[in-house]
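See structure below.
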Amino acid sequence: MQEDYKSLIHLVFIGIITLFPVVNPIGTAFILNPYFDNLTRKQRKNAVKRIALYAFIICTVTLFIGHWILELFGISIPVIQLAGGIMICKMGWESLSAGNNSSENQVKAAHTAAAVNVDRLQDKLFYPITFPVTAGAGTISVLFTLGARSTHEDMKAYLMNTGALMIAIMVICILIYIFYLNTKSLIQFMGPKGENVVNRISAFLIFCVGLQIAVNGIKVLVQA
């Protein structure tokens, strides 16, 4: 029983540290902040709550139907690990190699979006704010890869892995809510340089996570 508890904690921890750099709630909160500049505290709270809920739904649906999609198209687990790892690696590399111009363009685009009427913002909460900005291709790739372990024939292993991932998803969604709601305080505390450091570290972690996932897939394919 104690070993099962430790295994569950380990799986939850792996899920959180894998999803966190891909979702990047801190960096994304800075980019999306101008969308909420014209909102009152109550309006911002309601909007962020819906974003967190949408993100939870996207992640949960991906987790539970991911293995069915793999079976439908006849894709093996090592292949999805390799492909997903390469995609995540590419995202991390692009973020690392991106210059300041890219960040400036993102900020300018976000400030332009801030001029949109508050009522029209409600229509943008799912697309593009939640998908693909908050939970995009990288998040889906990670969940597909982590969820692939849930296809295990052992029901105990399936329940433990799926339960751990659900907890990890809930933790990430709570972090999305917290950071998106308190972005102004974060900006005042960290400043532009702090934001850049966080984004660079997150990009490096994304690259490392993708590389590790791809290597795991290659190992299984070579052994087969």
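Under this note's numbering, the first residue of the sequence shown carries the number 17, and numbering increases by one thereafter.
Where is the CB? At the ideal position from N, CA and C, for every residue including glycine.
| Reduced DSSP secondary structure (H/G/I, E/B, other) of Ile91 | It is coil, neither helix nor strand.
| Inter-residue spacing [alpha-carbon to alpha-carbon] between Ile85 and Lys209 | Looking at the backbone, the Cα of Ile85 and that of Lys209 are separated by about 42 Å.
| said: Suppose you measure from the CA of Asn215 to the CA of Val28; what does that come to, to the nearest Å? | reply: 24 Å
| field | For Leu237, the three-state DSSP class (helix, strand or coil) | value | helix
| Skipping 5 residues on each side, what residues in its chain have a beta carbon closer than 7 Å to that of Ala184? | Val28, Gly31, Ile32, Leu35
| query | If we ignore side chains and look at the alpha-carbon of each, how far apart do Ala219 and Met107 end up? | reply | 8 Å
| message | DSSP three-state label for Gly152, please. | response | coil
| request: Kindly indicate which three-state DSSP category Asn62 falls into: helix, strand or coil? | output: helix
| Rounded separation between Gln239 and Phe80 - CA only | 28 Å
| query | Out of curiosity, what's the CA-to-CA distance linking Val95 and Val158? | reply | Taking the straight line from one Cα to the other gives about 13 Å.
| Where do the N-terminal and C-terminal ends of the alpha helix (DSSP H) with Phe36 fall, by residue? | That run of the alpha helix (DSSP H) goes 18-39.
| query | Hey, how far is the Cα of Met176 from the Cα of Asn212? | reply | 37 Å
| query | In whole angstroms, what is the alpha-carbon distance linking Asn117 and Ser111? | reply | Any reading at Asn117 must be qualified, since the residue scores a pLDDT of 49, below 50, and its modelled position is unreliable; the value itself is stated next. Rounded to the nearest angstrom, the two C-alpha atoms are 12 Å apart.
| task | My understanding is that Gln97 touches Ile229, with C-beta atoms under 8 Å, so please give their C-beta distance in whole angstroms. | result | 5 Å
| query | With a CB to CB cut of under 6 Å and the five nearest residues on each side skipped, what residues in its chain are close to Trp109? | reply | Phe223
| request: With DSSP as the reference, label Asn54 as helix, strand or coil. | output: coil
| query | For Asp135, which of helix, strand or coil comes out of DSSP? | reply | helix
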